[in-house]
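Read through the structure below, which is laid out as structure tokens, and then see the notes.
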Amino acid sequence: MTKVITSGKTVEDAVNQGLTELGVSRDKVEIQVLEQPSKGFLGLFGVRAAKVEVKLLPAPEVVPQPIKPAAYKTEVDALLEDVAAKNPYEEAAAFLKEVAAGMGLDVEVHIKKQRDGHIFNIAGEDLGMIIGRRGQTLDALQYLTNIVANRYSESFVRIVLDAENFRQRRRKTLEDLAERLAGQAIRTGKEVVLEPMPPLERKVIHAKLQNHPQIKTLSKGEEPNRRVVITTK
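Everything in the sequence shown is counted per the working numbering, starting at 11 for the first residue and increasing by one.
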């Protein structure tokens, strides 16, 4: 896959969705804005999502460069060395603690490495403020944390935030919902349209029902109002 077309509430959201799908950093792609988001009442987005094309740049030709003596390092060289010396995950964890402190919370961040990324488990008291309604605050913090981490990494990194085992509990809730609504679709013979969900939550619904003998699922609509539809085969 060399290019994707993605949508989002803003152009930046759509671009970051494309980067995630391609698994690369921003400097490895060419971005073309296909549609600007339209503004709703009082200047809020929502009437039409932004749409962009994110395309991988061709691999640059590697040309050997002469080694620069240490005595002739430039300020840019020093800045790049300073960034490279910092651990992206430690910087991201420090950012999270700073944000939590601004909310009046004292938290710890436990980092766990997995095959497809890192999980940051946030521990502390009153974490409901960090999780938010249906995990919306946690998702927003996850987005910002990934931006911070990738600022200090030469390759693309992916971080998933969790608090009080919310991700697993939310997955179980969505899987139970998928089964219940699949039964409703079978009983009534009518398709069931769910409320808008972020991509990761839609993926849980699709995965739960993908092998169902009587049910199929699809997504329709544009971000951020894209919905899962459950219907009989």
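Virtual Cβ for every residue (Gly too), placed ideally from N, Cα, C.
Helix or strand or just coil, what does DSSP make of residue i?
i	result
residue 72	Unreliable placement is indicated for residue 72, whose pLDDT of 49 sits below 50; no coordinate value is reported for it.
residue 66	strand
residue 233	coil
residue 82	Its pLDDT being 46, under 50, residue 82 is placed unreliably by the model, and nothing is read from it.
residue 181	helix
residue 158	helix
residue 15	strand
residue 29	helix
residue 186	helix
residue 205	coil
residue 242	strand
residue 214	helix
residue 194	helix
residue 59	coil
Quick one, are the C-beta atoms of residue i and residue j less than 8 Å apart?
i	j	result
residue 103	residue 121	yes
residue 159	residue 170	no
residue 32	residue 64	yes
residue 204	residue 236	no
residue 66	residue 13	yes
residue 210	residue 188	no
residue 17	residue 201	no
residue 162	residue 101	yes
residue 250	residue 21	Past the edges of the chain, shown from 11 to 243, lies residue 250, and the structure says nothing about it.
residue 48	residue 36	no
residue 190	residue 145	no
Could you round the C-beta distance between residue i and residue j to whole angstroms and report it? I think they count as a contact, below 8 Å.
i	j	result
residue 137	residue 173	5 Å
residue 225	residue 213	Going by Cβ atoms, the distance from residue 225 to residue 213 rounds to 16 Å, so no, they are not a contact pair.
residue 147	residue 106	The Cβ separation is near 12 Å, so there is no contact.
residue 176	residue 141	5 Å
residue 208	residue 149	6 Å
Evaluate residue i with the Cβ neighbour count: other Cβ atoms within 10 Å of its Cβ, from every protein chain shown; 16 or more gives buried, anything less gives exposed.
i	result
residue 98	buried
residue 111	exposed
residue 139	exposed
residue 198	exposed
residue 42	exposed
residue 60	buried
residue 81	Low per-residue confidence applies at residue 81: pLDDT is 47, beneath 50, and the placement is therefore not dependable enough to give any value.
residue 228	exposed
residue 221	exposed
Which complete alpha helix (DSSP H) runs does the segment 96-174 hold, if anything under 4 residues is left out?
98-112, 138-141, 146-161, all fully within the segment 96-174.
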